[in-house]
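Here the sequence shown is numbered in our numbering, starting from 12 and rising by one per residue.
Note that beta-carbon positions come from the ideal geometry of N, C-alpha and C, so glycine has one too.
Here's the structure, in structure tokens; my notes come after.
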Amino acid sequence: MVKRMVYADNNATTKVDEVVVQEMLPYLSELYGNPSSMHLFGGQVEKKLAEAREKTAALINAQPTEIVFTSCGTESDNLAIHSTLMSSPEKRHIITTKVEHPAVLNYCKQLAKQGYGVTFLSIDRNGLLDLNELHDSLRDDTAIVSIMYANNETGVLFPIDEIGKIVKERGVVLHTDAVQAAGKIPLDLEKSETIDLLSLSGHKFHAPKGVGVLYIRRGTKFRPLLIGGHQERGRRPGTENTASIIALGKASELAFAHLNAELTRVKALRDRLEKELLARIPDAMVNGHPTQRTPNTLNISFRYVEGEAILLMLSEVGIAASSGSACTSGSLEPSHVLRAMGIPFTAAHGSVRFSLSRFNTDEDIEYIIAQLPPIIKRLREISPFGREKEEVMD
Ligand code: PLP
């Protein structure tokens, strides 16, 4: 029997859309020119790059000149923070949150070791920030506030425009990691005028891996990380990854066109999955705000079982999801996001993240709903966790 395969790990990475593959292929074969070259080979590619920049800008309602192509979301995040710190060296304080992706969190931890002051804002049980804490943390020497748009583990959306108002009262630069927001919710940089810098990553919305974007609002002071040629107006030198950038442009165009589907059909699939799992499995709870979430993400905990064990058993029946804990040196550490939310130990360990895309179907959801309850039942029968354990992780 052919095993059914259900891919529900789209916050980790997405399938490259076949239309996107077709768009990029010629630029891996006959159209191999360097866009900086004066001859015909270069000109063909340069024109297509400009088109990709326009399409990418359109996805977030920005100007093409505000788009800088990078190698990934991690580079964009690092570049945003590095550039801001280098632009105002007298300011040595950074504000971020405890639940950022490691691309921001670990960079900030390293900066703290180098003598920068870093404030890591806490979050509540629903995964939301206390905006008063943000307000009170801003200092005269704060260089940058870096707060994500959407959390990769829970999908929780931070109110970036409200955050922006508070940050701008003090004239501080605002960066947001929107890697998990692009293609899932509308982004409008003309409207969200307090955002100075914003990161995207192609592989989260059906472009290939290894291409990202840093949006830099016109007028924002900028210092590059790489020093080299004139590419990307000197903001990110290095010969362009032409095929991937062209793919990103196409993926942006498709993401924009499919945004309504993401907000309605994909959300309906996610909501059905959530409702059915809560109804069929006792001691289950959703992690993250009930409504202030990306439409594709469900982070759900099943008490008294190990997330890793659930994932292995799901994988055996062809379902790909992800867990909220990472197995490091033999000990299962619950994720920093769930810990920051104060999720009880027995629930944090048994968390699973399902993240959908426009390629998921009703049948996928039915399959997960049918497969998961017996898996949890079986695991609970052999669970090492005592039901009396209800400690809150610090
Ligand atoms: N930021 C967030 C919120 C992410 O989810 C990810 C990837 O998981 C990244 C940054 C890093 O992106 P990339 O894999 O392109 O470096």
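Which residue wins for smallest C-alpha separation from residue i, given the options the options?
i, options, result
"residue 350", "295, 120, 21 and 135", "135"
"residue 106", "40, 181 and 218", "181"
"residue 111", "169, 58 and 72", "169"
"residue 165", "356, 296, 94 and 201", "296"
"residue 332", "157, 361 and 357", "361"
"residue 207", "128, 218, 225 and 287", "225"
"residue 52", "41, 319 and 388", "41"
"residue 230", "245, 63 and 76", "76"
"residue 293", "142, 57, 379 and 316", "316"
"residue 246", "260, 228 and 262", "228"
"residue 140", "118, 109 and 151", "109"
"residue 183", "264, 92 and 114", "92"
"residue 334", "216, 64, 218 and 358", "358"
"residue 138", "304, 87, 192 and 236", "304"
"residue 3", "113, 114 and 103", "In the structure displayed, the chain extends from 12 to 405; residue 3 sits before or after that span and is not available."
"residue 173", "187, 238 and 221", "187"
"residue 193", "50, 71 and 310", "71"
"residue 25", "160, 129 and 218", "218"
"residue 85", "78, 384, 113 and 310", "113"
"residue 179", "321, 153 and 201", "153"
Quick one: using the 10 Å Cβ neighbour count with 16 as the cut-off for buried, is residue i buried or exposed?
i, result
"residue 364", "buried"
"residue 120", "exposed"
"residue 339", "Caution applies to residue 339, whose pLDDT of 48 falls short of 50 and renders its modelled position unreliable; the model cannot decide the point."
"residue 21", "buried"
"residue 7", "Because the chain in this structure spans residues 12 to 405, residue 7 falls outside the shown range and cannot be described."
"residue 30", "exposed"
"residue 100", "exposed"
"residue 80", "buried"
"residue 3", "Because the chain in this structure spans residues 12 to 405, residue 3 falls outside the shown range and cannot be described."
"residue 233", "buried"
"residue 393", "exposed"
"residue 117", "exposed"
"residue 242", "buried"
"residue 354", "buried"
"residue 124", "exposed"
"residue 264", "buried"
"residue 143", "exposed"
"residue 160", "buried"
Can you determine whether any heavy atom of the ligand PLP sits closer than 7 Å to the C-beta of residue i, and answer yes or no?
i, result
"residue 305", "no"
"residue 199", "no"
"residue 138", "no"
"residue 190", "yes"
"residue 266", "no"
"residue 212", "yes"
"residue 324", "no"
"residue 83", "yes"
"residue 20", "no"
"residue 310", "no"
"residue 112", "yes"
"residue 163", "yes"
"residue 4", "Outside the displayed span of the chain (12 to 405) sits residue 4, for which this structure offers no information."
"residue 223", "yes"
"residue 352", "no"
"residue 159", "yes"
Closer than 7 Å by C-beta to residue i: which residues in its own chain qualify, once you throw out the five before and the five after it? Chain order, please.
i, result
"residue 146", "177"
"residue 197", "270"
"residue 366", "19, 20, 21, 22, 307 and 308"
"residue 46", "53, 56, 57, 60, 251 and 253"
Once the 5 residues before and after residue i are set aside, which same chain residues still bring their CB inside 6 Å of it?
i, result
"residue 254", "35, 38 and 39"
"residue 268", "none"
"residue 386", "324"
"residue 380", "287"
"residue 283", "376"
Which same chain residues, not among the five before or five after residue i, have their C-beta less than 8 Å away from its C-beta?
i, result
"residue 32", "258"
"residue 97", "234"
Let me check you understand the geometry: is the CB of residue i closer than 7 Å to at least one non-hydrogen atom of the ligand FMN?
i, result
"residue 72", "The ligand FMN is not among the ligands present in this structure, which contains only the ligand PLP."
Determine whether the Cβ of residue i lies closer than 8 Å to any Cβ atom of chain D.
i, result
"residue 99", "Absent from the structure: chain D. Only one protein chain is present."
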